[in-house]
Structure formats: structure tokens, C-alpha cells
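Have a look at the structure below, then the notes.
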Amino acid sequence: MDVTVAWYLTLGAVLFTLGAVGLLVRRNPLVMFMCVELMLNAVNLTFVSLGDALGDLGGQVSVFFVLVVAAAEVVVGLGIIVAIMRRRSGATVDDLSVLRG
Amino acid sequence: MFAQAETVATPEVLWWALVPLLVLAGAAVLLLTVASLVRRLPEWLPAAWTIVAGLAVLVSVVPLWNEVQDDGARSFLAGAVGIDGSTLFVTALLAVAVVATALLSRAYLTREDLPGVELYVLLLLSAAGGVVMASANDLIVLFLGLELLSIAVYVMAALHLRRIQSQEAALKYFVLGAFASAFLLYGIALVYGATGATGLARIAGYLSTTILLEDGMLMAGFGLLLVGLGFKVAAVPFHAWAPDVYQGAPTPVVAWMAAGVKAAGFAALLRVFVLTFGSWSGEWQPAVWGLAILTVLGGSVVAVVQTDVKRMLAYSSIAHAGFLLVGVQAASDRGTAAVLTYLGVYTLLACGSFAVVTVVGGAGDDRHGIDAYRGLGARRPWLAGAFAVLLLGQAGVPFTAGFVAKFGVIAAATEGHSYALAGIAMVSAAVAAFVYLRILVALYMEDRHLEDDDEAGAVEVDPAPWGPRIVITVSVALVLVLGVVPGPLVDLAKDAVPVLVGG
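Residue numbers (the working numbering), protein chains in the order written: chain E, 1 to 101; chain D, 102 to 604.
See below:
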């Protein structure tokens, strides 16, 4: 059985969907971050497999940019979480409901 | 081996075209370095530094603009970055927003007794991200600019250390912003897969010369890109974060979100959809059409039932995004020019309005209910008068700049035969006018019953410091002047229609 590029793309789509659904249904901020990472890495997989299929280096180079951005994003996100946890330990996103209209 | 290394061709860099970006990023890094080396920085220095950087960018845009108008748009860095009229137009708007935000922040940080340097550093970095977005000639560069812009704003939203609302706003903004970025990135990956390129010029060339038999991947890419950018500009149904974040974040930061982030987001929408995917406009126009209708109607209608003025302005900024989408949907030069005009006007309106909210919010930044505005006309006639002008401008009343802006996008929609869209936009403009009238009524026709108030002593709004005063005065003056003499701004926007140059 040949593993074609379509397999990788499908895997990427499945991982992306898992991440997106996880982000929407999970309430723990840390797990939500992991879901964001899952989405970004699904995109990375898509980039790499498309770049390979096209015979183009651009797709693989893009992954480096995404990795750097993802790292920066997580640092900021963790900083925000720590700032919140210092005020309310054990908070889930449901506890954050001061803002409503 | 070394001989080989010497012959590696490095991409050409037009350093002169990068001056605005270098000024913003350099000012940010320098300010951060100085602030961490010097024990006690004079309190006024970071704000002054930021304002000088913003003004320097404004000044540097003028010769660049002349150069681009004379010699045409360019692209450099191996075609990854471009410079054209729209780049410079949006850069100038971002610089104006930076100066305004810095003026507001100085007063705000002093009043709230918050440490100050970080806000300015992040503001400058965020503006640098916006400039990258406006000059992106490659989807990956666009993504990098968007993230630089957004990540800085996430932190800015969390900067009020003693308000849990501020941190809640930051977390909400962060989670949904990261979600949107992932969608945008997936869209980039799929467009790359369908066209074999991430460079805008190569994608545009491919799309205009190739007939795709199976365009599913490309369509999915269009859709995901639209979702990602729709989140950033707060288009319905991707707007859920906006009211919460606007309400919770420090008010000067909200001014930047409304003015700067929106301008950069629409610069990206114009570059990607109107310019790059222009030859496929039949495919994405219906989606933007639906998004525009939902956004103008949703923003206007939900704004009516709000009781918090910051939330009200958040929904009205969503409605403004809808009007901007009406111009994007036209997918024509006229529509693009109208969007840029609208962005120029909205930058002024947003900075001015949130300057008033900053002042009225008072110490603690929590007097944002419509009650705080009752009878303001009697107590603070100048402040109330300025707010009235800005609200009328947002409503699009003739003889204010808001009218020129709304007229432009609706005229572009009718020219593109989108009559239904133009009609709905006008109806929701009327609905939105009710929101602004509600605040106006509170300002002038209702008295505040002092004895009912727990904090009767604190009812008087603190005198406005000079920073917000300058922002309010300048924005009101420009809104009125541009309402009567819109020619200069409209002509600039016409010359600023983006051009794609291959690398």
C-alpha cells in the first residue's frame, strides 16, 4: 500500500480538527494552549507534505517561521495564565466571567 | 567552500523603503534596552520617545510616498516585501494611532499608578507588525506581521495589573487570536498547496493564467484565510472576543486595537483578497458579501442593547468593520480607495472616542456605564461637545468625516451592482445612529441624580490631562474639517490603491 501525500494531508486535517474542537470544548487554559499547538503543528505537517509533493523548499522553510511564532505565542500565553493564577489559583476559563454584556 | 560561500546571492534590500519599519522596531528595542539599564527613567521619557518615533515615521513616509508615486511600486527581499501607496498610507495611519495611544497612555498610566515602559515598547512593536502586514508581499511575511502585531496586543490588554478584567480580556483575546492565527495559517498552507507559491505576485500570476479543474483546496484556502482575517478585524460571526476585550482592556490599548489593529487587518484583507485573488473575485465575493451583511447588521443591532459605553463602542467598531467589508466586497479600485478613506476617518474617530472614554473612565478605569455620561453636557461642556461630534461622526452624519467614509463604501457597492448590500448597509447605519443618539441623550438631556449615587463625591470627572486633550482636540478638528473638505484624504486614498509587483 502506497502512502501518498493525500494521507499526510488527511492526517493534518484530522489533527487540525482535533485541536480546534479541543480548544472549544476543554476548559483548562493549559489544555487549550496544547490544542492551539496541535492546530499549528497540523499546519506544519500540511506545509511539509505539500512542499514535498510540489518539490518546493518553500513549504519546509515556512515551518521554521511557524515554529518560532508558536514558541513566542506560548510564552505570552503562559505569562497571561500565570498572571491570572496568581490572583485566582486553579481557575478554569469558566471562572473568568467578569466581562459580559 | 569559502569561495562558494562568497558567491551566494543575497536578496536585494531597499533600505530606504524599510525606514518606517526600522524606526518603529528600533525605537522599541532601544527603549527596552535603555529602560532595563537605567535604574530610574524620567517618567515622561518613554511616552515622549514613542511620540517622537511615531512622528518620525509620519515624516519619513512623505519622501517615500513621493518616490512611490513617481517611480511606481517596488518589491524587494526576493519579492517577499513590497512598497506601494497603500503600504505607506496604512503606515501613516498606524503612526497616527501610535502617537494618539502614547498620548493617552501617559495620562492613563500616571492616573492608574502603573509601571510604564512595557506598554510603549509593545505599542511600537505592534505598530512594526502592522507595517510588516501592510508591506507583505508573501503570505508567510503577512503571517509574521500579524503575529508580531497580535502578540504585542495580547500583552498590552493584560497590562492593568490590578484589574482582573484586564487579564480576563487578555486571555480571551489570546485564545481566540491564536485560534484565528491557526486558521489563517492553514489557509496559507492550502493556498500554497493549490498554487505552489506563497508569494502574492506568484499566486496572482498563477491564478490569472491557470484554469484549475479541481479547486477544492484553493477554495478551502480562501475560506480559512477569510476566517482568520475576519477574526482579526472582528467580523460577525467571528466577533465574539471584541466586546469582552474592549471592555476589559485598558482604554488607551482599546484605542490602539480599534484604530491600529483594524487598519492593519484591512490592509491585509485588501492585499490578499482584492489584489492577489482579484482574478477569482467571483468565488470569494459572495462569502465577503455575507460576512459584510452579518457584520453591519449584527454590530449595529446588538450595540443598541448595551449599557456599557465601552461595549457599545466595541459593537459599533464591529459595525464599522462591516462597512469596511462592504468596500472590500466591491473588489474594485474604487472600493479599495473607499476602504482606505474609511480607515483614515475611523482612525481619527476611534482615537478621539476612546480618548473621551479614557477621561470619563476615571481612576480605576471602571466608570464606563452609560450612567457615567448622564448630564456630562452640563458638567463638562467641552468634553461632552467633543464626544458629541465624534459620535455624530461615527454615525455618519453629513458635514462630519464619517459621512464621507460611509458614502464612499456604499457608492463603491452600488457601482459594483451590490444594491442589496448597499441598502442593508444604509439601514444598519440608521440603526447604529440610534446607539449614538442614546449616548447623546444621556450627555445632554438627562440629569444625574447625585443623591442616588454611592460615590457622589467622585462623580465629577477628573480634569482631562493634556495628553487626551490633544488627542480629542485634534481628532474633533480633523473630523469636522474632513467632513467639509474631504478632497485631500479621498485623493490620497485614490493614489494609495495597492499594486502587486513580482520579485
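Each residue gets a CB set at the ideal place from its N, CA and C atoms; glycine is no exception.
First and last residue of the uninterrupted alpha helix (DSSP H) at residue i
| i | result |
| --- | --- |
| Arg-312(D) | Residue identity differs from the one stated: residue 312(D) is Ile in this sequence, not Arg. No alpha helix (DSSP H) contains Ile-312(D), which DSSP labels as neither H nor E. |
| Phe-177(D) | Phe-177(D) -> not in any alpha helix (DSSP H); beta strand (DSSP E) instead, spanning 175-177. |
| Met-320(D) | 317-333 |
| Ile-471(D) | Counting along the chain, Ile-471(D) falls outside any alpha helix (DSSP H), and DSSP gives it neither H nor E. |
| Phe-488(D) | 482-496 |
| Asp-466(D) | No alpha helix (DSSP H) holds Asp-466(D); DSSP gives it neither H nor E. |
| Thr-299(D) | Element bounds for Thr-299(D): n/a, residue is neither H nor E. |
| Gly-230(D) | 218-235 |
| Ala-379(D) | A small fix is needed here, since residue 379(D) is Gly in this sequence, not Ala. Looking at the DSSP string, Gly-379(D) is not in any alpha helix (DSSP H), and its letter there is neither H nor E. |
| Arg-539(D) | 520-545 |
| Arg-88(E) | Taken as a continuous stretch (DSSP letters only), Arg-88(E) belongs to no alpha helix (DSSP H), as it is neither H nor E. |
| Ala-502(D) | 502-516 |
| Arg-629(D) | Since the first residue of chain D shown is 102 and the last is 604, residue 629(D) is not available in this structure. |
| Leu-245(D) | 240-258 |
| Ala-37(E) | Looking at the sequence shown, residue 37(E) is not Ala but Glu. From DSSP, the alpha helix (DSSP H) with Glu-37(E) extends over 29-54. |
| Thr-134(D) | 120-138 |
| Pro-164(D) | 146-172 |
| Asp-596(D) | 588-596 |
| Ala-20(E) | 5-25 |
Boundaries of the beta strand (DSSP E) in which residue i is found, first to last residue
| i | result |
| --- | --- |
| Arg-212(D) | Careful: Arg-212(D) lies outside any beta strand (DSSP E), inside the alpha helix (DSSP H) at 186-213. |
Inter-residue Cα distance where the pair is residue i and residue j
| i | j | result |
| --- | --- | --- |
| Val-397(D) | Gly-329(D) | 19 Å |
| Ala-148(D) | Ala-502(D) | 29 Å |
| Trp-385(D) | Val-427(D) | 13 Å |
| Leu-444(D) | Leu-194(D) | 8 Å |
| Gly-478(D) | Glu-547(D) | 9 Å |
| Phe-608(D) | Ile-419(D) | Residue 608(D) cannot be examined here, being either before or after the span of chain D that is shown, 102 to 604. |
| Val-66(E) | Asp-2(E) | 29 Å |
| Val-373(D) | Leu-313(D) | 19 Å |
| Leu-590(D) | Val-580(D) | 11 Å |
| His-518(D) | Gly-173(D) | 31 Å |
| Ala-512(D) | Phe-504(D) | 12 Å |
| Gln-430(D) | Asn-44(E) | 31 Å |
| Leu-243(D) | Val-498(D) | 35 Å |
| Thr-574(D) | Leu-583(D) | 14 Å |
| Ile-84(E) | Ile-265(D) | 7 Å |
| Gln-361(D) | Ala-258(D) | The residue you asked about is not Gln; residue 361(D) is Gly in the sequence shown. Roughly 14 Å separates the two Cα atoms. |
| Ala-118(D) | Gln-170(D) | 13 Å |
| Ala-92(D) | Val-334(D) | It is not possible to answer for residue 92(D), since the shown part of chain D is limited to 102 through 604. |
| Asp-596(D) | Met-34(E) | 45 Å |
| Thr-448(D) | Tyr-255(D) | 20 Å |
| Gly-379(D) | Arg-140(D) | 53 Å |
| Leu-286(D) | Tyr-545(D) | 48 Å |
| Leu-122(D) | Val-542(D) | 44 Å |
| Leu-392(D) | Ser-382(D) | 15 Å |
| Val-109(D) | Val-197(D) | 40 Å |
| Met-32(E) | Glu-248(D) | 18 Å |
| Val-114(D) | Val-120(D) | 12 Å |
| Leu-44(D) | Ala-341(D) | The structure shown does not extend to residue 44(D), since chain D is modelled only from 102 through 604, so no value can be given for it. |
| Gly-462(D) | His-469(D) | 6 Å |
| Ala-559(D) | Pro-566(D) | The pLDDT assigned to Ala-559(D) is 44, lower than 50, so where the model puts this residue is not dependable; a value taken from the coordinates is nonetheless given after this. Computed Cα separation, rounded: 17 Å. |
Contiguous alpha helix (DSSP H) assignments of at least 4 residues, all confined to the segment 408-457 of chain D = Those alpha helix (DSSP H) runs which fall completely within the segment 408-457 of chain D and span 4+ residues are 410-431.
task = Could you list the residues in the segment 305-324 of chain D with a C-beta less than 7 Å from some C-beta on chain E, going in chain order?
result = Correct list: empty, as no residue qualifies.
ask   = Is there contact here, the segment 316-324 of chain D with the segment 286-294 of chain D, by at least three beta-carbon pairs under 8 Å?
value = The segment 316-324 of chain D is in contact with the segment 286-294 of chain D.
key: Residues from the segment 259-280 of chain D in contact with chain E, defined by Cβ distance under 7 Å   = Residues are counted here when their Cβ sits less than 7 Å from a Cβ of chain E; for the segment 259-280 of chain D these are Ala-259, Ile-265, Gln-266, Gln-268, Glu-269, Ala-270, Ala-271, Leu-272, Phe-275, Val-276, Ala-279 and Phe-280, given in chain order.
ask   = Is the segment 377-394 of chain D in contact with the segment 472-481 of chain D, if contact means three or more CB pairs nearer than 8 Å?
value = Between the segment 377-394 of chain D and the segment 472-481 of chain D, the count of C-beta pairs closer than 8 Å stays below three; the two stretches do not touch.
ask   = When the Cβ atoms of the segment 523-536 of chain D are set against those of the segment 450-464 of chain D, are three or more pairs found closer than 8 Å?
value = By the Cβ criterion, the segment 523-536 of chain D is not in contact with the segment 450-464 of chain D, since fewer than three pairs of Cβ atoms, one from each stretch, lie closer than 8 Å.
request  = Select from the segment 60-71 of chain E all residues with a C-beta closer than 7 Å to any C-beta belonging to chain D, and list them in chain order.
outcome  = Along the segment 60-71 of chain E, the positions whose C-beta sits under 7 Å from a C-beta of chain D are Ser-62, Phe-65, Val-66 and Val-69, read in chain order.
ask   = At what residue ranges does the segment 338-386 of chain D contain a whole run of the alpha helix (DSSP H), taking only runs of 4 or more?
value = The segment 338-386 of chain D contains these whole alpha helix (DSSP H) runs: 342-349, 352-357 and 363-370.
query = What residues in the segment 239-259 of chain D bring their beta carbon closer than 8 Å to a beta carbon of chain E?
reply = Those would be Ile-241, Phe-244, Leu-245, Glu-248, Ile-252, Tyr-255, Val-256 and Ala-259, in chain order.
query = According to a CB-to-CB cut-off of less than 7 Å, which residues of the segment 46-60 of chain E neighbour chain D?
reply = Hits within the stretch, in order: Thr-46, Phe-47, Leu-50, Leu-54, Asp-56, Gly-58 and Gly-59.
request  = Check each residue of the segment 441-474 of chain D: if its Cβ is closer than 9 Å to any Cβ of chain E, include it; give the result in chain order.
outcome  = Residues passing the 9 Å Cβ filter: none.
ask   = Can you list, in chain order, the residues of the segment 19-30 of chain E whose Cβ is nearer than 8 Å to any Cβ on chain D?
value = Answer in chain order: Gly-19, Ala-20, Leu-23 and Pro-29.
key: Residues, ordered as in the chain, of the segment 356-386 of chain D that lie near chain E by beta-carbon distance below 9 Å   = Considering only beta carbons, no part of the segment 356-386 of chain D lies closer than 9 Å to chain E.
request  = Could you name the residues of the segment 76-91 of chain E whose beta carbon sits closer than 9 Å to any beta carbon of chain D, in the order they occur along the chain?
outcome  = Along the segment 76-91 of chain E, going in chain order, the ones with a CB nearer than 9 Å to a CB of chain D are Val-76, Gly-77, Gly-79, Ile-80, Ile-81, Ala-83, Ile-84, Arg-87 and Arg-88.
task = State whether the segment 230-238 of chain D contacts the segment 211-219 of chain D, with contact taken as three or more CB pairs (one from each stretch) at a distance under 8 Å.
result = Three or more beta-carbon pairs separated by less than 8 Å are not found between the segment 230-238 of chain D and the segment 211-219 of chain D, which leaves the two stretches without contact.
ask   = Are the segment 486-493 of chain D and the segment 430-441 of chain D in contact at 8 Å, needing three or more beta carbon pairs?
value = The way I'd put it, the segment 486-493 of chain D doesn't touch the segment 430-441 of chain D; fewer than three beta-carbon pairs between them come closer than 8 Å.
query = Counting pairs of beta carbons, one from the segment 44-56 of chain E and one from the segment 272-282 of chain D, are three or more of them closer than 8 Å?
reply = No: fewer than three Cβ pairs fall under 8 Å.
query = Are three or more beta carbon pairs between the segment 404-420 of chain D and the segment 152-161 of chain D nearer than 8 Å?
reply = Not touching, per the Cβ criterion.
request  = With 9 Å as the limit, tell me which residues of the segment 393-405 of chain D have their beta carbon closer than that to any beta carbon of chain E; keep them in chain order.
outcome  = Of all residues in the segment 393-405 of chain D, only Val-403 come within less than 9 Å of chain E when Cβ atoms are compared, listed by chain position.
task = Using a Cβ-Cβ cut-off of less than 7 Å, give me the residues of the segment 325-358 of chain D that come near chain E, in sequence order.
result = Across the segment 325-358 of chain D, CB contacts with chain E closer than 7 Å involve Pro-344, Asp-345, Gln-348 and Gly-349, in sequence order along the chain.
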